[in-house]
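Numbering (UniProt numbering), first residue to last: 1 to 394.
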Amino acid sequence: MDEKFVRVFVIPDEILKYVQTHPILPSVKKGTKQRTEKLATNDLDFFLNTKKLISYISRKGLVLAKSGKVKQADHKRTEQELLNPDIGIFPEKSQIYQMELILPVLKLLNIVDIKGENIVLREEMNEFNGKDIFEIMKLVVHEVNEARMKRVVPAEVFTATEMPFYDKPILDKCVSLIIKAKRIHLSVIFSNIIREHLILSPGFRTKNFQSDLAELRKEIMSVIFYLHLFGLLEVEYPNRFLSLSKLGEYFFQTGELSHKTEKGGITINPDFTIIAFPDRVSIYGLHLLKAFTELKDYDRVYTFVLTKEAFQLGILLGYKPVEFIDFLKSSSKADLAQNLLFLLEDWGGNLPVVEITEDCVLVRTKDQNTMELLLGQIKGKKLFWMKLAQQPYL
């Protein structure tokens, strides 16, 4: 391409249709490290991460740097507490911190705000946390779809800078291509949309081609990135073929999404590690495990660890322990050990739940984790609290 013309390849329509289903992939240079062959889908992880980040802000607070941005230390701390979804579909965007993706969404939902140097939670967080995870998914996707229509410019910390929100018509076109093809290569999506929305556009001008192409590529990248982040796509690595995930079929094609897990879908070991087989456990079952336990590893099978802190955090995130225990009973090949049932009952029963019924409540504890759990329920309410000494809080 130069300033006066753009070279366009003209090929028969039959060949065009063929290469869209049989794309010519670039050859890999000798010595180039290839990504491992795998199927990746993020299920409900992003939506669980929104609840986890709300809980983190509630328990530990979030103080901004003088620049108005999140401190690097807080980025690293939250990465340890949040799930790690696959965002490597575009390698140049694979190092984005989760908080940079979640905070703009929470702002769209009117859940967070800035007060002084702090990011604070609004009353809307209570209604949000009480919603079913599939309601949250639909709400988040709807708000992101409509984000470009809003004229309010949020503070920089709430702006989707690293991966801007997409244009809804481009989303619709991408989804249409994926549904029609069932399995499609990433490059075919780019070529189709660039051809239809740019090259064949009535207003096409060669002098604007380079800038228009760059903008359109960004739009397509944003759509594919968020579709994958929201668990609506299944990505085949290393070649990056795309198809709708089970969650995507449920969302876009009103398909059925079973909550049933096979007997033997999970194995609970004596050390409270839980092995889950993704092809035998429902999406919602895996979601419950990620909410109530600590995810240690994933390599074809999931390895979780059941701890007191993780189990109690699941309760604070709004999940019912009885539902989780019923899931364990129905999914485990062997009966649950009595000592495990006793521990789960003890952990759930000893969770400090705060109900403010008087003008003043004094809380004492020597356990720092317990204090964090308490403050997580108090912060954001319309009351004042202050530290009186090392242990008591008012």
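Ideal Cβ positions, reconstructed from N, Cα and C, are used throughout, including at glycine.
Residue i burial status per 10 Å Cβ neighbour count (16 or more: buried)
i	result
N126	exposed
H228	buried
M149	exposed
V322	exposed
R59	buried
T206	exposed
I184	buried
P85	buried
T21	exposed
N42	buried
K296	exposed
V8	exposed
D167	buried
G68	exposed
K66	exposed
I266	buried
P53	In the sequence as presented, Pro is not what sits at residue 53; that position holds Leu. Counting Cβ neighbours within 10 Å, L53 comes out buried, since at least 16 surround it.
D74	buried
T50	buried
V188	buried
Q210	exposed
Supposed close pair residue i, residue j - CB separation, criterion 8 Å
i	j	result
residue 400	F225	Since the first residue shown for the chain is 1 and the last is 394, residue 400 is missing from the structure and cannot be characterised.
I283	L257	7 Å
A276	Y302	4 Å
L328	L336	6 Å
F304	L289	5 Å
C174	V105	About 19 Å; that fails the 8 Å criterion.
L198	F204	7 Å
Backbone secondary structure at residue i - three-state DSSP
i	result
E355	A caution first: E355 carries a pLDDT of 46, below 50, which makes its placement in the model unreliable, though a value can still be read off. It is coil, neither helix nor strand.
H197	helix
A76	Note that residue 76 is Lys in the sequence shown, not Ala. Here K76 sits in helix by DSSP.
K308	helix
A40	strand
S94	coil
S332	strand
V63	strand
V70	strand
K366	Below a pLDDT of 50, predicted positions are generally treated as unreliable, and K366, at 49, falls in that range; the measurement from the model is reported next regardless. K366 falls in the coil class under three-state DSSP.
D13	helix
L317	coil
N350	coil
N208	helix
N84	coil
A214	helix
G25	The displayed chain sequence assigns Leu, not Gly, to residue 25. Three-state result, L25: coil.
V19	helix
V8	coil
I89	coil
F384	Low local confidence applies: a pLDDT of 48 at F384 is under 50, so the model's placement there is unreliable, with the coordinate-based value given in what follows. Note: F384 maps to coil in three-state DSSP.
Beta-carbon gap between residue i and residue j smaller than 8 Å
i	j	result
L233	F251	no
P315	G348	The identity of residue 315 in the sequence shown is Ile, whereas the question assumes Pro. The answer is yes: Cβ separation under 8 Å.
E79	Y56	no
H287	L83	no
L244	I193	no
I274	T293	yes
I119	L62	yes
I133	L44	yes
L108	V144	yes
E162	E92	no
K333	G285	no
F128	I111	yes
8 Å Cβ cutoff, residue i in contact with chain C
i	result
L106	Among the chains in the structure shown there is no chain C, since it carries only a single protein chain.
(request) Counting only runs of 3+ residues fully inside the segment 222 to 302, write out the beta strand (DSSP E) ranges in chain order. (result) 233 to 237, 241 to 244, 266 to 268, 273 to 276 and 294 to 299
(request) Just list the alpha helix (DSSP H) runs in the segment 163 to 199, keeping only unbroken ones of 4 residues or longer that don't cross its boundaries, in chain order. (result) 168 to 181 and 186 to 194
(message) Extract the residue ranges of the beta strand (DSSP E) inside the segment 96 to 160, only unbroken runs of 3 or more that lie entirely within it.
(response) 112 to 115 and 118 to 121
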